[in-house]
Structures are given as C-alpha cells and as structure tokens.
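In the order they appear, the protein sequences are chains A and B. Residues 721 to 991, numbered by the working numbering, are exactly what the first sequence covers, in order. Residues 25 to 228, numbered by the working numbering, are exactly what the second sequence covers, in order. Even glycine gets a Cβ: it sits at the ideal position worked out from N, Cα and C.
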Amino acid sequence: MTKITSRHYVFAGLFAVVTVSMMLNYSPDTVVSAETQKMYDFVESLPAGSTLIISFDHEASSLPEIRPLALAVLRHAFRNDIKLIGTALLSEGTGVGYRLMQQTANEFNKSYGVDYVYLGFKPQYIAAILSMGESISRTYPVDYLGKTYSEHPMLKDIDTYNDIAGVISIADGSLTTHWIEYGNARFGVRISAALTAAMVTTYDPYLSSGQLEAIVGGLRGAAEYEKLLNIGGGGKRGMLAQTASHLYVLILVIAGNVMYFRRRSSGRGNT
Amino acid sequence: MAISTITAGLLTLAILSFLYRDNPIYKVAESLLVGVSIGYFLVITWSTTLMDLLFIPLFSEHKISLVIPFILGLLMFGRFFKGTSHISRIAIAVLIGSGAGAAIPAMLNARTLQQISATIQPILLESGWLDISAIVVIAGVLSTLAYFYFSREHTGSFGWVAKGGTYFLMAFCGTTFGYTVMSRMSTFIGRMEFLLSDFLHLTQ
C-alpha cells in the first residue's frame, strides 16, 4: 500500500477544485488582451475569398489546450468566408487538424476542395516550408485524402506564398519559429500563431519585432477569442476552472513559503 | 457512447492513475501512447512522403532526378551493418551540409539581425515624452548581456549592471513559469472537460 503523502493531497485538491469549478457551469467575463485583439483584427482584415494556411504544428498531447484555440480561429476564418489550406509539420497534428477542420467546415456548410483543403503532413519542416515557397503543388502533389492537387477548384490559382494571405501556425513548440525564419524572412509571408500558453513568452519578442503578425495563446486566449466572436466554446467553459486552479496554486505557494519561514525561524532546518 | 470516447476516457484515467503511484495500468497506457505515436508517424511518412514524393514520381512518372535522393536514402541503411556503416556518412554529410546551409543565414537574419533591429528603437516618442518600454528593453538587453560576459569580474559598476541583468532574467523565468503553470492547468482542464461531459455526462 502506498503511503499517502502531501503530494497526493495537492493532486486531490487540484482535482476537487477543477471538478467543482466545471460542475458549476459558469463562465466568468474575460478582458480581451491586445494580443488576441490583434489576431482577431488580422483575420478580420482579410477580404472574403482570400486564402490562409492553417498549420497544425503540435502533438496530440496538447489537444486539450489547442482544441478551443484552433476551433475559435477556424470558426472566425470560415465565418468570414476565408478559404483554408490545412497542413501539419508534426505527424501527430495531422489527424487532429483534419478532424478540427472537418468539424468547423460542417458547422458553416463549407465544401471540401472549394472552401478548404487538407494537404496533411510533410516531414523535415525546414524543407517543407522552403519547398512550399517554391511550389505548394510540388510539395503536396496529393492531399491528405489522396486526391491530386489539381482536382481542387480552390487551389487552381494557388502555388506559392505569394498567393496566400498568411499562415496561422497552431503550435505547442518551436515550429512556429521555422515559419518565421523560412516563411516570413525568406518569402515574406505573414505569420501568426495560436500557441499553448507555455510558448507565449518564447514568441513575444517576434511579436514585438513585427516578425509575427499576431499571437493568441492558451485557454485564456481561446476564451478571449470566443468573446470577440460572440460564441461559446471550450475557452469560456474552462475559465472558471482556470481561475480557481491558479488561485489554488497561489495559495499553495504562499502556504509553502509560510511553512518554510516558520520552520527556518524555529531552527528546524533551512532547506 | 462511441467506442472511441470510451477508449479515450479509460486511457485518460489510466494515465491519471500515475498521480497515485506507478502501476501496470499506467504502464500499458504509456506503452500504447509510444507505440501508437510511432506507428502513426511511420504510416503517415510512408504514405505522404515516400510514396507521394519519391516512389510514385520515380517509378511511375520516371522522374530520373529523384534517383539521387533515393540512393542517398538507401545509403542510410548502411548503418545497420558494421562493415557498411561508413557509407551512411555520405548521406548524413549531405543532410547536415544542406541543412546548415539553409539554416545559418535564415537564423542569423530572423533570430539575430531582426531582433537587434527591434531592440534599438528611439527612446523618445513623437510627442516628446520618453518611451519607457523602449528604455526598459534596452536596459534589459544590455544588463543581461553584461551578466553573460565572463571575461571580466562582476565587481564595481559592471557588477551592478550584471546584477541588474539577473533581475531581468528572474522576471523572464517567473513569467515563463507562470505561463507554463497556466498551460499545464489548461491541459488538465481540457481533459477534465472531456471526462465530465463526453465520458461521464456529468456536465453539458
């Protein structure tokens, strides 16, 4: 039998906090940050009929955080009649990306091949990004479903980044950096990112320098985006649990420090 | 309930069981994750890369130029045998050479030159007021660089500047840690939402 330690109490407490928060079914209001507003404005500024590449550059393990973000961005694009090309630079993002695009396309009655296409995965991300700058049709001679590139009406006049309004990289790691280094710096294509919260500070300098057009990050970013779109979603639903869990961590940090200083002042050790 | 939802729910619970202690159910779920990920990668790479970009164009459409990457790819298999492992170095050399050739100028441009350019901004606004954020950026960059300058002892005024750099570094680490906590909580919340609504139907 495993001895119950303080670690177990911490996990049990977090489990209780998140479960109760979600059972309450309440979504607190969120204030839209400048970064999320910038992403919204970027998509909003694109004329109907223009084409975006949505690149699913994440692993399956990030799905709980990535899903609300991706759905919000996809819904915004489809709502504004923007045509979408789906790609993936990580193999695990391939199936996830297709499912998310298919789900949102069905919500807006969009047709495959006319309003959106899913090209799928290519390994060696640097080679893939550079190759798409030369010719997307040669990089992806067939799409995820095995149909040839020329079969799709929406791809008739699209072959390089010059024919694309921008790239939105939905990422949980460093792959957006490669879009910036090769897509933006080499070919001048506008790059935006929908990121897990852990990656936001990594990309902030690129946003400040203008190498990134916009960033929307984490569950909070998803909730803000949903607010701008005036729709419900996983972001809004998770905000009470997010706030409560942060307060819980804050209380743990304060309690841990109080216990540490009390122990130190009573001379029971200083480690 | 769909079989995929039941499978996902049970596997989520199996992984979460590690929070109590390591156990065989967790090990099964972990092994499944690794196996399925690798299997999926192999299938996707085979169908979308080797078939679409190499075998079909080379053998069906007779694009002769693809013989070169095909042979280079075959050379990589030399690593499996002791006597032929040296021939894989040719393919690795091509890979590293072309990779470095593509990466170095791109990284220098995007990560260094453009970032330096973004750091050096006017400290006066058009209105004549000082741009506080530009000053903070310059102070942060210079003091952090001073902290990482190890050819001179960190004493005197230089030591104070380097010390200032540590505060900027701590602020960055704190912000990054905060965002990481937020990210992990978001993942947990996302999974709990799936468990409570799709799997257990306790919430809408």
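- Looking at S112/B, V91/B, G202/B, the one whose alpha-carbon comes closest to that of L99/B is S112/B.
- If you draw a straight line from the Cα of S89/B to the Cα of A905/A, it is about 29 Å long.
- DSSP places S986/A in the coil class of the three-state scheme, outside both helix and strand.
- Spanning the alpha carbons of D863/A and H872/A requires a straight line of approximately 10 Å.
- Nearest CB-CB separation between N133/B and chain A: below the 7 Å threshold.
- For I62/B, there is no enclosing beta strand (DSSP E); the residue is part of the alpha helix (DSSP H) that begins and ends at 48-69.
- Residue environment analysis places Q962/A among the buried positions, since at least 16 neighbouring C-beta atoms fall within 10 angstroms of its C-beta.
- In this structure, the straight-line span from the alpha carbon of Y945/A to that of T896/A is close to 20 Å.
- Sequence-distant Cβ neighbours of L220/B in its own chain, meaning closer than 6 Å and more than five residues away, are L226, T227.
- At a cut-off of 7 Å, the C-beta of G817/A has no neighbouring C-beta in chain B.
- In the three-state DSSP reduction, S151/B falls in the coil class, being neither helix nor strand.
- Chain order gives the chain A residues near L220/B as T739, M742, M743, where near means a beta carbon separation below 8 Å.
- Among the residues of the stretch 200-219 of chain B, those with a Cβ less than 8 Å away from any Cβ of chain A are T200, Y203, T204, V205, M206, S207, R208, M209, S210, T211, F212, I213, G214, R215, M216, E217, F218, in the order of the chain.
- Taking a C-beta cut-off of 7 Å against chain B, the contacting residues of the stretch 843-872 of chain A are P843, I846, L850, P861, V862, listed in chain order.
- Within chain B, the residues S61, Y64, F65 have their CB atoms less than 8 Å from the CB of E812/A, given in chain order.
- When secondary structure is reduced to three states using DSSP, K947/A falls in the helix class.
- For the stretch 892-912 of chain A, the set of residues with a beta-carbon nearer than 9 Å to any beta-carbon of chain B comprises D892, T897, H898, I900, E901, Y902, N904, A905, R906, in chain order.
- At a cut-off of 7 Å between beta carbons, T73/B contacts chain A.
- Chain-ordered, the chain A residues with CB closer than 7 Å to the CB of A126/B read I846, L850.
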